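**Q** Residue 813 is where the sequence shown starts when you use our numbering, and the numbers rise one by one after that. Have a look at this one.
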Amino acid sequence: MGGKGLIATGAPPEPAWLLYIKGAIIFLSVIILALSAYGLTLYPYGGAPGFTIFLAIISWIVYGLSIGLSLKANQHYFRIGFFVAQILLIIFWLSGWAWAASWAGLFTTLYGSGNQKFGGVMGGIAGIGALIWILVIVDFVFFTIGCVRDDGSATNAANVELGHKEGPMAANAGGPVQQQPYQDQAQYAQQPQYAQQPQYAAQPGYPQQPQQ
813 MGGKGLIATG APPEPAWLLY IKGAIIFLSV IILALSAYGL TLYPYGGAPG FTIFLAIISW
873 IVYGLSIGLS LKANQHYFRI GFFVAQILLI IFWLSGWAWA ASWAGLFTTL YGSGNQKFGG
933 VMGGIAGIGA LIWILVIVDF VFFTIGCVRD DGSATNAANV ELGHKEGPMA ANAGGPVQQQ
993 PYQDQAQYAQ QPQYAQQPQY AAQPGYPQQP QQ
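Structure follows, in C-alpha cells:
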C-alpha cells in the first residue's frame, strides 16, 4: 500500500497548516537569496554564498510546483518526483547551512571590518538555512505519511471522473453541436386507383327481318 501511494498521482492528504510551512520555506528562501547576493558583493569568489543561492532557487521551483499543481492541476502531481526532490533538498540544505556556519566561524576570527561583516552575513545564512532545513524535514515527514496512508485510488478515480465530465465540454468547445433535424419518414402516398375501364354496353340485337 505504501509503495502504491508513493508512485500514485495527485497530492496526498496533508494537514491544512502544511501549506503555510511550504509558504514559509519559499519566503525564507527569498531572504537567503538576498543575504547570499550581498555576501557575494563582499566575497565575490562563489563558495558557500553561491551554493545557497542555488538552494534558494531550487526550493522555489520544488515548493512552487507543489502548491500550484495541488491547487490547479492535481492530476499532474507525481508524488515520486516530489518525494525524491525533498530528499535531495534535505541533504542540500544540511550541507548549505553547515558550510555557511563554517565560513562564519572562520571569517569572524579574522581581522578587518570586511571579514567581520562577511562572517556576520554567513552566520545569518547559516541560521536561516538551518530553519529551512527543519521545515523541509517536517514537510517531508507529513508528505510521506500521507502517501503511505493513501494509495491514490480515490484521487485517480476523481481524475477519471473529471475527465469524463470534461470530455463532452471539450467536444462542445468549438461550438454547439449541430443536430440534424429529424426527418420523419414520408408516408407512402397512396397510389391513385386506376380508373375503372368503361364497360362496354351490350350491343343491340340485330333487327329481325319481317316474315314474308
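Even for Gly, the Cβ is constructed at its ideal location relative to N, Cα and C. The structure presented is a predicted model; accordingly, all values stated were derived computationally and were not measured.
Classify Leu845 as helix, strand or coil using the three-state DSSP reduction.
**A** Helix, per DSSP.
**Q** Ends of the alpha helix (DSSP H) at Trp905?
**A** Note, Trp905: alpha helix (DSSP H), Arg891 to Phe919.
**Q** Compute the distance between the beta-carbons of Ile838 and Gly876, then report whether it is under 8 Å.
**A** It is a contact, given that the beta carbons lie within the stated cut-off.
**Q** Our contact map puts Val950 next to Ile833 with C-beta atoms below 8 Å; I'd like the distance itself, whole angstroms only.
**A** With a Cβ gap of about 6 Å, Val950 and Ile833 count as contacting.
**Q** Should Leu906 and Trp872 be called a contact, given that it needs their Cβ atoms to be closer than 8 Å?
**A** No; because the gap between Cβ atoms is not below 8 Å, this pair is not in contact.
**Q** Please look up how many angstroms separate the CB atoms of Leu854 and Phe930, rounded, as I've assumed it's under 8 Å.
**A** About 4 Å; that satisfies the 8 Å criterion.
**Q** Taking 8 Å as the cut-off, decide whether the C-beta atoms of Ile865 and Ala849 are in contact.
**A** Yes, the pair counts as a contact, with Cβ atoms nearer than the cut-off.
**Q** Sorted by chain position, which residues of the same chain lie with C-beta nearer than 7 Å to Leu818's C-beta, five sequence neighbours on each side aside?
**A** If we look at Leu818 and ignore the five residues flanking it on each side, its Cβ neighbours are Arg891, Ile892, Phe895 and Cys959.
**Q** Measure the beta-carbon distance from Leu831 to Ile902 and round it to whole angstroms, keeping in mind my assumption that it falls under 8 Å.
**A** Not quite, the Cβ-Cβ distance comes to about 19 Å (not below 8 Å), so this is no contact.
**Q** State buried or exposed for Val874, treating a residue as buried only when at least 16 other CB atoms are found within 10 Å of its CB.
**A** So Val874 ends up on the buried side.
**Q** Bridge partners for Thr821 per DSSP, in chain order?
**A** Paired residues: Phe890.
**Q** Take the Cβ of Leu847 as the centre, count every other Cβ of all protein chains shown within 10 Å, and call the residue buried at 16 or more, exposed below.
**A** So Leu847 ends up on the buried side.
**Q** Is it buried or exposed, Trp915, if we count other Cβ atoms within 10 angstroms and call 16 or more buried?
**A** It is buried - the Cβ of Trp915 has at least 16 other Cβ atoms within 10 Å.
**Q** Which residues bound the alpha helix (DSSP H) around Leu883?
**A** From DSSP, the alpha helix (DSSP H) with Leu883 extends over Ala860 to Lys884.
**Q** On the premise that Gln898 lies in contact with Val948, defined as a C-beta separation below 8 Å, what is that separation, rounded to the nearest angstrom?
**A** Contact flag correct, Cβ pair sits at about 6 Å.
**Q** CB Leu867 to CB Leu943, shorter than 8 Å?
**A** It is not a contact, given that the beta carbons lie outside the stated cut-off.
**Q** Drop a sphere of 10 angstroms on the beta-carbon of Ala938, count the other beta-carbons inside from all chains shown, and report buried for 16 or more, exposed for fewer.
**A** That one is buried.
**Q** Determine the contact status of Pro824 and Asp962, defining contact as a CB-CB distance below 8 Å.
**A** Yes, they are a contact pair.
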